[in-house]
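A.B. asks:
Protein chains: 2
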Amino acid sequence: MRPQKKPAASEEPNRLDQIYYVAAKIFCDKGYDATSMSDIADAVGITKAGIYHYVKSKQDLLFAIMNFGMDRLETHVITPARAVADAEQRLRAIIRNHALLIISGSAPEGYSPLTVLNDEIAGLTPAHRRRVLQRKRVYLDLMRDTLRQLKSEGKLKEVDATVAAFSMFGMLLWLSRWYRPDGKLTGADVANEIEKIALGGLLRPQARLARN
Amino acid sequence: MRPQKKPAASEEPNRLDQIYYVAAKIFCDKGYDATSMSDIADAVGITKAGIYHYVKSKQDLLFAIMNFGMDRLETHVITPARAVADAEQRLRAIIRNHALLIISGSAPEGYSPLTVLNDEIAGLTPAHRRRVLQRKRVYLDLMRDTLRQLKSEGKLKEVDATVAAFSMFGMLLWLSRWYRPDGKLTGADVANEIEKIALGGLLRPQARLARN
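Protein sequence lines correspond, in order, to chains A and B. Take the first sequence: its letter number 90 is residue 90 in the numbering used here, and every next letter is one higher. Each number in the numbering used here comes from the position in the second sequence (counting from 1) with 212 added on.
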């Protein structure tokens, strides 16, 4: 189970990423509280003393994994979406990129940091919890503001922007619970279906036709 | 924190339901692994010895809570839906009743057994896990068969029935994470919005118009 030897220069950051992924996978499977630092060290293939070279405590590791998950969400979803001026295209980009981030990470355990981000918030210190909730709030605001812009442009159906935003998140986040990379549909197929269902539930077909 | 005294004849079943609700709420807040039987006994207002009069172990309590959650889902969602012959009306009934079950249970802690059902599956014994997954599978099949019937009637958009079924579950289950009874929208409002978004994402507007 020991990872392949890599050049020394790149070993440290890779090892840290690897610890995050492996720990996130174990947190997902066993739950944060039931997981010990020894479990994580064993799975990574280092000693228990060795793991404390990278992380101070299990609670710090949890916070680091959540920030790691949020960083990926920022890089792959939030930042690219901000660059899209048109609200309909921005909504499409958010949904598609978030779905692909979860799906592409599914082999072998890449989506786990995002799952931990949603499921283990109770394990954080109050200060860390506030920080993670702040970062999540930024994403909620991006989604909700995009929906409000669509509403003001007459492109949104008669639906509440807050309920719509959370419904989209529910649809996306549930992906990590059911999607299997060895299933009948490819990841790209599933992302397409999610985009169709999500956009179909929110946008007026008339508005879209009228503007084409 | 001691509950009100009730007539002796009805005390036992009420006390058991109360233990399920209180324990489910604590499992949701702290996580199953971090919760002790003493935490639960304290919150219910009985002694630690007293709680073992009702449940054999924490793991048995977890299984009982999940079955309690599934029983509520059967009573309020699955059984009423089976009585609806028309597939579109059945889909509406499933989505609306499931949303209302989560929403109406939100005050004070009624949705917790449903949340535990989804979030703490890792805490069960393998035999209990199989049994819970079987019961969940029955619900997935009802949703997916309903969507397939709509497809064969030409009422479903060009979407995959499996992706659509899980997308609906994601949208519904996420409700328990964000809905607050003291928010701007009433529970009935939120259920309406969810129904509009869900149905709009799945059903052809043309098919619905043509059949009216």
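Glycine residues also receive a C-beta, built at the ideal position from the N, C-alpha and C atoms.
At the 8 Å Cβ level, is D229(B) part of the contact set with chain A, yes or no?
C.D. replies: No - not a single Cβ of chain A is within 8 Å of the one on D229(B).
A.B. asks: Rank L61(A), A93(A) and M168(A) by C-alpha distance to the C-alpha of T75(A) and give the top, closest one.
C.D. replies: The shortest C-alpha separation from T75(A) is found at A93(A).
A.B. asks: List the endpoints of the continuous alpha helix (DSSP H) containing Y391(B).
C.D. replies: Where Y391(B) is concerned, there is no enclosing alpha helix (DSSP H), given that its DSSP letter is neither H nor E.
A.B. asks: At which residue ranges does the segment 42-85 of chain A contain complete alpha helix (DSSP H) runs of 4 or more residues, listed in the order of the chain?
C.D. replies: The segment 42-85 of chain A contains these whole alpha helix (DSSP H) runs: 48-51, 58-73 and 79-82.
A.B. asks: Kindly indicate if chain B contains any beta-carbon less than 8 Å away from that of F169(A).
C.D. replies: Chain B contact via Cβ: present.
A.B. asks: From N14(A) to D182(A), what does the alpha carbon distance come to, in whole angstroms?
C.D. replies: Computed Cα separation, rounded: 27 Å.
A.B. asks: Run down chain A in chain order and give the residues with a C-beta less than 7 Å from the C-beta of L385(B).
C.D. replies: Simply G170 and W174.
A.B. asks: Can you tell me whether V350(B) is buried or exposed? The criterion is at least 16 other CB atoms within 10 Å of its CB, across all chains shown.
C.D. replies: Flag for V350(B) reads exposed.
A.B. asks: Pull the bridge partners of L415(B) from the DSSP assignment, please.
C.D. replies: Paired residue(s): L368(B).
A.B. asks: Which residue from L326(B), D251(B) and I290(B) puts its Cα closest to that of W386(B)?
C.D. replies: Of the candidates L326(B), D251(B) and I290(B), the one whose C-alpha sits nearest the C-alpha of W386(B) is L326(B).
A.B. asks: Does P338(B) get closer than 8 Å to chain A when you measure Cβ to Cβ?
C.D. replies: It does not: the Cβ of P338(B) has no partner Cβ on chain A nearer than 8 Å.
A.B. asks: For Y20(A), which three-state DSSP category applies?
C.D. replies: Y20(A) falls in the helix class under three-state DSSP.
A.B. asks: Quick one: any contact between the segment 227-237 of chain B and the segment 258-268 of chain B, if contact means 3 or more CB pairs under 8 Å?
C.D. replies: Output reads yes: the segment 258-268 of chain B touches the segment 227-237 of chain B.
A.B. asks: Hey, V163(A) and M66(A): beta-carbon distance below 8 Å or not?
C.D. replies: Going by C-beta atoms, V163(A) is not nearer than 8 Å to M66(A).
A.B. asks: Would you mind working out which of V190(A), L140(A), G201(A) and R177(A) sits nearest I333(B), comparing C-alpha positions?
C.D. replies: The option with the nearest alpha carbon to I333(B) is R177(A).
A.B. asks: Give the interface partners of D245(B) over in chain A, defined as CB-CB distance under 9 Å, in chain order.
C.D. replies: Near D245(B) (Cβ distances below 9 Å), the residues of chain A are K30, G31, Y32, D33, A34 and T35.
A.B. asks: Indicate whether E300(B) and L415(B) have their beta-carbon atoms separated by less than 8 Å.
C.D. replies: Yes. Within cutoff.
A.B. asks: Distance check for A297(B) and A319(B), CA to CA, integer angstroms please.
C.D. replies: Residue confidence is low: A319(B) scores 45 on pLDDT, short of 50, so the model does not pin down where it sits. Its coordinate-derived value is still stated next. Whole-angstrom Cα-Cα distance: 33 Å.
A.B. asks: Between the Cα of D357(B) and the Cα atoms of I290(B), A339(B) and G412(B), which residue gives the shortest distance?
C.D. replies: For the residues I290(B), A339(B) and G412(B), the minimum Cα distance to D357(B) belongs to I290(B).
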